[in-house]
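Just so you know, we're using UniProt numbering here: the sequence shown kicks off at 1 and counts up by one.
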Amino acid sequence: VIPSILSASSLQFSEEPQSQDALHGRSAILRCELSGPEDMRFWWTQDGRRVQDSNRRFQEGSNLKFTAVDRHADTGSFQCVASSSSTGETVTSANASINIKWLERGPITMNEPASEAELEEAERIVLQCHIDGHPRPSSKWFKDGAQLDRKDRILTLTNLSTGDSGIYSCCAQNAAGKVCSNHNITLNIFDKSVPRVLVAPVDQVVLRNEEAVFHCQFRAKPPPLIEWFHDAEPVLNKSRTVCLIPSSSLFALRVSKRSAHVAAVVCVSVEIADMGERLWRVFSAGRGERVRCDPPRGQPEPQVWWERAGARVASEGRVHQRDGDLIFSPTDRSDSGVYTCVARNTAGQKQQELVVTVATSPEWIVQPQDTHVEEGQPGFLHCHARSTPEPRVTWYRKSVPITEEGSRYKLFSNGTLRINSAEVNDAQTYSCVCVTQAGSLSAHARIHILEKLKFTPVPQPSQCLQLDRESSVSCVAKARETPIMHWSRADGADLPSHASQMNGALRFSTVTRADGGNYTCVASSSVQGEIRAHVHLTVGVHVEFKLEPEQTTVYQGHTAVLHCQASGDPQPYVQWMLKDKLLSSSSSSRFQKMPNGSLVISNVTTEDTGVYTCIAGNTCNIRDTAAQLYVVEKPVHPRSEDEDKSQFKMFQTIALSVAVAVAYIIAVLGLMFYCKQRRKSKRLQKNRAGGEPETECLNGVQLNGHRVSEIHEEVALSSMRPSADSEKQQSCGDELHFPRAHLQTITSLGRGVFGEVFLAKARAIEETEPETLVLVKSLESREETHRSEFRRELEMFSKLNHAHVVRLLGICRETQPHYMILEYVDLVLNTFKCFINSMQQSRLCLNVFGLCLQAGTLRLSPPVNCPAHVCSLMSHCWASSPKERPTFSEILQILTDSPADTKV
């Protein structure tokens with residue numbers, strides 16, 4: 001025999017999923033937690049099949065969350081499966097299921113008879129209420145809006161009468177709610193005891209001494225008695241001229257001339273209708289009362305009278321009858337009993353009973369008494385009284401009548417009140433009122449609840465502590481006497497020195513990473529024992545927004561960017577919501593969520609207008625912030641006369657600038673010619689003077705005694721430097737080279753001096769991000785000055801490396817046009833918009849290291865020893881309106897007027 005070796009699993013669930021109740025369409029969560037290695041993977045199975053995530057049902061951490069429970073898709077057994085990535089060990093939880101409660105409306109159908117055409121002959125009618133649910137709902141039936149004393153799903157009507165006619169509906173109720181039938185049924189019941197004519201006699205013309213037959217048929221249950229009348233006289237078989245046959249027909253043997261001219265034959269039915277069910281009347285003693293006995297329908301008219309115990313009621317006295325009325329003058333306790341109204345004619349006799357009760361005032365048998373009830377146990381209050389008739393007992397709580405429907409109360413017919421599973425708030429004063437028509441009694445009693453030892457509320461099983469902050473975990477319990485509260489670590493270790501506990505609260509003065517783990521709160525009482533609550537504490541950092549979205553207005557068809565960046569530990573997950581609906585980001589969607597949380601909406605429409613909510617959350621907390629996006633149509637401005645004048649002025653300005661440039665060139669040429677002539681004359685004078693130091697003037701600049709050879713040497717060195725710089729620039733360009741195919745254009749932002757400027761996504765341009773939002777400037781111009789300026793900007797950006805300065809991320813130079821890829825921030829976008837706007841307005845937008853400094857957006861602090869007039873100039877350049885910014889000429893004039901000792 002080889003002994004089996006069992007090794008205990010190192011993986012154990014600290015919290016296994018538990019079966020629970022849930023309403024159809026509501027949210028639910030199955031929790032699963034494991035105490036073990038950190039490298040755990042979790043997944044869920046349903047009836048052995050792995051659960052796939054969807055919008056309605058998905059895995060959140062190790063838990064399985066249901067946003068809307070479905071009674072069809074969420075049945076069966078769920079299991080949580082955990083696996084260690086390092087050891088490969090797997091453990092599976094016990095089965096858990098969701099008891100889904102639901103209620104669904106339905107119609108009313110008629111099971112018997114099979115069709116409405118058969119109602120006339122039906123002996124009974126069976127109706128069924130098709131409202132279904134789980135748990136099985138309790139049904140109620142209504143006729144013409146009045147509730148019937150039937151609580152089954154099937155309603156059976158027997159002994160049918162005209163009183164059963166009406167509109168029938170049903171309602172049902174269970175834990176999921178209450179609904180009523182969506183299709184009701186209408187019944188029209190005929191009184192079968194009332195004869196209805198099937199065949200009526202018709203007028204006939206016959207010859208003298210010939211035979212004549214009149215047919216007459218009635219239908220009723222029981223079959224009616226048929227009589228024939230001739231000129232208001234009954235027709236009898238004794239006559240030689242007529243004969244009655246069993247089929248209710250009249251057979252005339254001979255028709256005389258007189259009878260043919262003046263006789264009228266009438267066929268009538270002798271009958272008497274039912275008088276209805278038993279009546280009940282309750283009278284107070286010592287009062288005059290009268291009860292009417294209406295005669296039933298009949299032919300001939302029935303006679304009516306009152307009887308008691310088989311004897312006719314007298315026509316005079318304290319209790320007598322008159323013209324069909326039963327009169328009590330006045331009532332007495334001895335008048336209680338059964339009275340009978342009798343109606344009779346030639347068709348028979350009918351009767352109706354009347355039960356008379358003379359009420360008496362109630363008297364106590366058992367009065368309600370103050371009672372002590374254990375919390376969670378049933379409690380009873382008794383209220384018994386006697387009277388004639390039995391008193392109606394009503395219980396009140398805080399002056400509000402107590403009913404059984406949808407409550408924890410049970411009312412018994414003898415007046416006893418039962419409270420099921422007593423709660424603390426049941427400690428109230430209750431009133432009992434016994435009422436009859438003769439009077440009433442009332443009494444009061446108070447229920448005292450003996451509280452059990454319990455947490456109020458139960459501590460959350462998983463909580464988060466804020467790192468490096470003061471935090472506390474609350475644990476409150478109640479009992480008959482104040483319980484003693486105590487916290488401890490589940491692993492038996494001592495609480496850290498910076499943790500203290502007072503009145504059930506575990507307080508950490510400064511939370512550290514080591515404070516995470518499993519803790520136990522114990523509430524103990526010398527009388528009621530102790531209870532425990534287990535809490536798992538996670539140490540993290542609450543979510544905080546680093547950048548919140550702002551109100552934005554964009555033109556239709558453009559691209560909108562809403563920024564949202566959040567920090568926390570664990571790193572928060574960011575989602576966007578519009579009109580209470582989460583936005584999904586896919587490759588084909590116009591809505592793209594960037595890795596940093598920002599939302600880019602391409603090709604916006606007016607339907608995109610609304611409030612966008614950014615939701616950021618981690619295991620510690622969830623926060624949200626919102627901003628309004630307005631999408632407007634781009635205005636089309638017709639060309640006006642003022643614009644024509646502006647263009648004419650612009651042409652004048654250009655012409656004037658060209659004229660000034662030509663004048664300047666002429667002046668420079670003249671100055672050079674003058675300098676040359678003057679130098680020549682001075683050289684001649686010095687030669688005559690004999691040996692004075694020679695001063696060269698090269699290109700109009702005095703050399704102050706330097707030798708020409710030194711000047712030429714300096715020029716040669718300066719000509720060599722660009723070659724070295726170009727090699728360095730070439731090396732830098734190779735390092736920043738980025739494949740053009742890894743760029744995905746999002747939208748065009750406009751055009752600048754070099755060419756088009758657009759927003760794009762660059763794949764793997766940053767090591768830490770799979771995709772990065774970047775700004776791309778293209779070199780489309782063929783002018784050498786523009787291409788030189790483009791290269792100068794590349795060189796400038798490649799040398800800059802500062803946290804607050806836009807970085808050059810890459811260069812695309814394999815084909816035309818060349819691309820300059822810059823780091824994208826809001827300020828960069830505003831820079832190019834501002835730049836393009838300034839070109840249109842002929843105004844300056846100051847661009848310092850790629851930042852557009854606009855009023856209200858960003859203010860750089862003045863540099864050290866910066867003159868006041870320069871700071872003022874920079875502030876004017878930051879004006880929000882282009883018209884308020886200085887022109888290039890004004891800037892040149894201000895800088896020219898600066899004192900010579902400054903470093904401007």
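Even glycine gets a Cβ: it sits at the ideal position worked out from N, Cα and C.
Exercise for the section: Answer with buried or exposed for F888, where buried requires no fewer than 16 other C-beta atoms within 10 angstroms of its C-beta. Expected result: exposed
Handout entry: Contact the segment 423 to 440 vs the segment 279 to 293: 3+ CB pairs below 8 Å
Key = Taking 8 Å as the limit for Cβ pairs, the verdict is that the segment 279 to 293 does touch the segment 423 to 440.
Practice task
Return helix, strand or coil for G163, following the three-state DSSP convention.
Solution key: G163 falls in the helix class under three-state DSSP.
Exercise for the section: Kindly indicate if chain B contains any beta-carbon less than 7 Å away from that of M502. Expected result: Considering every chain present, this structure includes no chain B. It has just one protein chain.
Practice task
Using alpha carbons as the reference points, say which of A114, Q677, A663 lies closest to L127.
Solution key: A114
Practice task
Kindly list the residues whose CB is nearer than 8 Å to the CB of Y168, restricted to its own chain and excluding five residues on each side of it in sequence; keep chain order.
Solution key: Excluding residues within five positions, the ones whose Cβ falls inside 8 Å are I108, L127, W141, F142, K143, L155, N184, I185, T186, L187.
Practice task
Specify the secondary structure class of T606 as computed by DSSP and reduced to three states.
Solution key: helix
Handout entry: Member of K350, R322, Q528, K883 whose CA lies at the smallest distance from the CA of R278
Key = With respect to the C-alpha of R278, the residue from K350, R322, Q528, K883 having the closest C-alpha is K350.
Handout entry: Straight-line Cα distance separating M874 from P886
Key = 10 Å
Practice task
Determine the burial state of G529: buried for a count of at least 16 other Cβ atoms within 10 Å of its Cβ, exposed for fewer.
Solution key: exposed
Problem - Sufficient close CB pairs (3 or more, under 8 Å) joining the segment 318 to 337 to the segment 367 to 375 - result: Fewer than three pairs of CB atoms, one per stretch, sit closer than 8 Å, so the segment 318 to 337 makes no contact with the segment 367 to 375.
Practice task
In the DSSP assignment, find the unbroken beta strand (DSSP E) run with F66 in it and report its ends.
Solution key: 63 to 66
Exercise for the section: Measure the C-alpha to C-alpha separation of P17 and K101 and round it to an integer number of angstroms. Expected result: 19 Å
Handout entry: Three-state secondary structure assigned by DSSP to Y396
Key = strand
Problem - C180 to G406 span [Cα, whole Å] - result: If I take the Cα positions, the gap works out to 17 Å.
Problem - For H563, the three-state DSSP class (helix, strand or coil) - result: coil
Handout entry: Nearest candidate by alpha-carbon position, reference P222, set P195, A212, M485
Key = Closest by alpha carbon: P195.
Handout entry: Environment of N603 [buried if 16+ CB atoms lie within 10 Å]
Key = Exposed.
Exercise for the section: Let me know the secondary structure DSSP gives S524 once reduced to three states. Expected result: strand
Exercise for the section: Have a look at W228 and P234 and give me their C-alpha separation to the nearest angstrom. Expected result: 6 Å
Problem - V51 versus R31, F78, A28, L34, residue with shortest Cα-Cα distance - result: Closest in alpha carbon position to V51, among R31, F78, A28, L34, is F78.
Problem - Inter-stretch contact at 8 Å, needing at least 3 Cβ pairs: the segment 605 to 617 / the segment 646 to 660 - result: At 8 Å Cβ cutoff, the stretches do not touch.
Handout entry: Neighbourhood of K634 by C-beta distance below 7 Å, restricted to the same chain and skipping five residues each side
Key = Take K634, set aside five residues on each side of it, and the residues of its chain with a beta-carbon closer than 7 Å to its own are Y555, Q556, in chain order.
Exercise for the section: Express the C-alpha separation of L775 and V753 in angstroms, rounding to a whole number. Expected result: 16 Å
Practice task
Count the CB pairs spanning the segment 315 to 323 and the segment 356 to 365 that are closer than 8 Å, and state whether there are at least three.
Solution key: no
Practice task
For D468, count neighbouring C-beta atoms within 10 Å of its own C-beta (all shown protein chains included) and say buried if the count is 16 or more, exposed if not.
Solution key: The residue in question, D468, is exposed, as its Cβ has fewer than 16 Cβ neighbours within 10 Å.
Practice task
Take Q571 as the anchor and find which of A445, V543, H230, I226 has the nearest alpha-carbon.
Solution key: Looking at the Cα atoms, V543 is the closest of the given residues.
Problem - For D725, the three-state DSSP class (helix, strand or coil) - result: Unreliable placement is indicated for D725, whose pLDDT of 47 sits below 50; no coordinate value is reported for it.
Practice task
Look at the Cβ atom of T538, then the Cβ atom of M577, and state whether they are nearer than 7 Å.
Solution key: no
Exercise for the section: Kindly identify the DSSP beta-bridge partner or partners of P234. Expected result: F229
Problem - Status (buried if at least 16 other CB within 10 Å, exposed otherwise) for S93 - result: S93 comes out buried.
Exercise for the section: Tell me whether L13 sits in a helix, a strand or coil according to DSSP, three-state version. Expected result: Looking at the sequence itself, residue 13 is Phe, so the reference to Leu does not match. DSSP places F13 in strand when its eight states are reduced to three.
Practice task
Rounded to whole angstroms, what's the CA-CA distance from E60 to A533? Just pull it up for me.
Solution key: 24 Å
Exercise for the section: Would you tell me roughly how many angstroms separate the C-alpha atoms of Y674 and A667, rounded to the nearest one? Expected result: If I take the Cα positions, the gap works out to 10 Å.
Handout entry: Straight-line Cα distance separating H818 from S778
Key = 6 Å
Problem - Those residues which DSSP pairs with W102 across a bridge - result: Bridge partners of W102: H134.
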